[in-house]
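Residue numbers (our numbering), protein chains in the order written: chain A, 49 to 178; chain B, 49 to 178. Every residue gets a Cβ at the ideal spot worked out from N, C-alpha and C, and that includes glycine. Written below as structure tokens is the structure these notes are about.
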DNA sequence: CTGGATCCGATTAGATACTG
DNA sequence: CAGTATCTAATCGGATCCAG
């Protein structure tokens, strides 16, 4: 086999990259990845770090990320059991991009708030109404 | 006013950045932004470029992005009417991150496929079953 | 502590029909 | 061409209960 394939095209709805994007383009997935960037976390540690996430969503998100090979799960047979989540090598190559995105949001929040306000005021002014 | 605020923290569920992330961490939003990176697109041009998107989702996504100030909408009073979408200056600062993410997915699709297969095979092997 | 299982309301997204 | 409006099926996500 030669090492040139990459027929992947994310704009093609039948390309498998679409499914991956759908799983990755998810609020909780991005926050979990960002959280694990610095250090491994236990389940409840993650839950406390990511305000507002429910146990169900956290579990679901962790399973998805584990299945895609982005994080790994290590069980310590303590009593009660301890489970630690950490980025896989593959996941580490992604988090740089992810944190870039979350940082961008924080950095540009003011600009977007202003844009939203302008947009909404234009709406009530009667511009888009029939 | 001093120029130091940024109390924004995306891990706080009451921070407005959460809402922005939720809108941005969306399959269609990322694809639209990526599409507009290179050049302005008309509505149906976008629809054809992003395979699988419905007219409803495209409209909805465009409105969200416009409200957040990431894209602008220009109407040409031709017959029939022509509408062109393009990135705003703010949106341009974001697309570099976005395209990084979509490119990452395409580049690492093989690794993730392998991880998924391994994960699923371990499942049927009886590891997670009771 | 780390989840799995379930119920259920709310939101989403696709399909379809219609308009300036 | 560029949408709006509506109906509905499917999914999501929160709450709750239970277990190793």
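Would a check of beta-carbon distances place residue i closer than 7 Å to chain A?
i                      : result
residue 105 of chain B : no
residue 47 of chain B  : A question about residue 47 of chain B goes unanswered here, because the residues of chain B that appear run from 49 up to 178.
residue 70 of chain B  : yes
residue 78 of chain B  : yes
residue 61 of chain B  : yes
Reducing DSSP to helix, strand and coil, say where residue i ends up.
i                      : result
residue 167 of chain A : helix
residue 130 of chain A : strand
residue 120 of chain B : strand
residue 66 of chain B  : helix
residue 95 of chain B  : helix
residue 177 of chain B : Its pLDDT being 38, under 50, residue 177 of chain B is placed unreliably by the model, and the measurement read from it follows with that caveat. Note: residue 177 of chain B maps to coil in three-state DSSP.
With 7 Å as the threshold, decide whether the Cβ of residue i is near any Cβ in chain B.
i                      : result
residue 8 of chain A   : No statement about residue 8 of chain A is possible, as the shown extent of chain A runs from 49 to 178 and does not include it.
residue 67 of chain A  : no
residue 109 of chain A : no
residue 99 of chain A  : yes
residue 58 of chain A  : yes
residue 142 of chain A : yes
Interface residues of chain B around residue i at Cβ under 7 Å?
i                      : result
residue 159 of chain A : 117, 138
Since residue i meets chain B, which of its residues come closer than 8 Å, beta carbon to beta carbon?
i                      : result
residue 173 of chain A : The contacting residues do not exist; residue 173 of chain A stays about 15 Å from chain B at best.
residue 145 of chain A : 145, 148, 149, 152
residue 156 of chain A : 138, 141, 142
With distances taken from CA atoms, which of the options is nearest residue i?
i                      : options                    : result
residue 87 of chain A  : A/136, A/66, A/107         : A/136
residue 119 of chain A : A/168, A/150, A/78         : A/78
residue 170 of chain B : A/107, A/114, A/108        : A/114
residue 59 of chain A  : B/74, B/100, B/66, B/64    : B/100
residue 133 of chain B : B/93, B/66, B/65, B/64     : B/93
residue 124 of chain A : A/84, A/97, A/90, A/81     : A/90
residue 117 of chain A : B/156, B/105, B/64         : B/156
residue 82 of chain B  : B/141, B/173, B/161, B/165 : B/141
residue 105 of chain B : B/64, B/173, B/80          : B/80
Examine the ligand PLP and report whether any of its heavy atoms sits within less than 6 Å of the Cβ of residue i.
i                      : result
residue 114 of chain B : Looking at this structure, you won't find the ligand PLP or any other ligand, since it has none at all.
Could you compute how far the alpha carbon of residue i sits from the alpha carbon of residue j?
i                      : j                      : result
residue 127 of chain A : residue 68 of chain B  : 40 Å
residue 111 of chain A : residue 62 of chain B  : 26 Å
residue 76 of chain A  : residue 71 of chain B  : 12 Å
residue 143 of chain B : residue 149 of chain B : 10 Å
residue 130 of chain A : residue 57 of chain B  : 28 Å
residue 163 of chain A : residue 95 of chain B  : 25 Å
residue 108 of chain B : residue 74 of chain B  : 12 Å
residue 158 of chain A : residue 167 of chain A : 14 Å
residue 138 of chain A : residue 146 of chain A : 13 Å
residue 66 of chain B  : residue 151 of chain A : 12 Å
residue 103 of chain B : residue 153 of chain B : 25 Å
Can you name the residues of chain A whose CB is closer than 8 Å to the CB of residue i?
i                      : result
residue 75 of chain B  : 66, 69, 70, 73
residue 114 of chain B : 167
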